[in-house]
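Taking the numbering used here, the leading residue of the sequence shown gets 1, the next gets one more, and so forth. Beta carbons are placed, not taken as given, at the ideal position from N, Cα and C, and that holds for glycine.
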Amino acid sequence: MVYRLRPLALKFDFEDRSYKLGETIHLTLELTPNADVQVRGGRVDLVCEERYVQTGVSFIPDTYSPGGGIGGISGSTGHVAKERRERFVHSSVPFVAAAELKARTNGGYTARLQIQAAPPPHAEKAKALVRDASSSWSFHWTLVATVDVARGRDPKTQRKIKVTL
Numbered sequence: 001m002v003y004r005l006r007p008l009a010l011k012f013d014f015e016d017r018s019y020k021l022g023e024t025i026h027l028t029l030e031l032t033p034n035a036d037v038q039v040r041g042g043r044v045d046l047v048c049e050e051r052y053v054q055t056g057v058s059f060i061p062d063t064y065s066p067g068g069g070i071g072g073i074s075g076s077t078g079h080v081a082k083e084r085r086e087r088f089v090h091s092s093v094p095f096v097a098a099a100e101l102k103a104r105t106n107g108g109y110t111a112r113l114q115i116q117a118a119p120p121p122h123a124e125k126a127k128a129l130v131r132d133a134s135s136s137w138s139f140h141w142t143l144v145a146t147v148d149v150a151r152g153r154d155p156k157t158q159r160k161i162k163v164t165l
């Protein structure tokens with residue numbers, strides 16, 4: 001059962017620049033509890049969202065056309081876009097273990113998130129589709145910090161980050 005709706009505030013900061021695969025992100029995190037809370041742990045995840053978009057022209061039949069009749073096909077052409085999204089945790093680092101935090105005290109933590117050197121699963125397909133105007137893969141990166149609070153809502157905050165492949 002959840003007893004506290006907002007047990008603590010969570011903020012984090014890092015250098016706002018473009019990172020490459022294999023680099024380290026230096027993070028500073030701040031936990032400010034509103035009451036005495038038990039924390040089971042906390043982590044920062046680097047989440048990658050892969051987006052695949054394919055566009056093209058498609059024939060759209062018009063079933064209500066007066067000139068269509070039996071055997072006659074009428075309709076129009078239109079642009080159709082298909083989009084697929086996949087999200088996964090690319091890299092992760094814990095920043096706090098089980099602890100009891102006292103009310104109204106600022107807890108400062110640091111973490112070093114090592115970005116895995118392995119590219120996202122569809123990175124090679126993205127390179128192959130560079131010259132294809134009708135389809136593309138794009139990659140969007142987000143840092144997500146989460147704290148697991150006992151008998152309370154787990155605070156979570158996120159920020160976009162630039163990662164180049």
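| Item | Value |
| --- | --- |
| Where K102 falls: helix, strand or coil (DSSP) | coil |
| Cβ shell of R6 (< 7 Å), same chain only, five flanking positions each side left out | N34 and R153 |
| Assigned secondary structure, E83 (DSSP; H/G/I helix, E/B strand, else coil) | strand |
| Those runs of the beta strand (DSSP E) which lie wholly inside the segment 15 to 60 and span at least 3 residues | 18 to 20 and 24 to 33 |
| Run of the beta strand (DSSP E) containing Q116, from where it starts to where it stops | Here Q116 belongs to no beta strand (DSSP E), and DSSP marks it neither H nor E. |
| Euclidean distance between Cα positions of E83 and K160 | 21 Å |
| Contact between the segment 101 to 108 and the segment 15 to 23 (3+ Cβ pairs under 8 Å) | no |
| DSSP bridge partner residues for D154 (one or two, in chain order) | Answer by DSSP bridge pairing: none, since D154 is not bridged. |
| Euclidean distance between Cα positions of G41 and F12 | 16 Å |
| Nonlocal neighbours in the same chain, by C-beta distance under 8 Å from D36, ignoring five residues either side | E100, L101, K102 and A103 |
| Helix, strand or coil at A123 according to DSSP, with G and I counted as helix | helix |
| Short Cβ contact (9 Å threshold) for L21 with V44 | no |
| Whether P119 touches L165 by CB criterion (9 Å) | yes |
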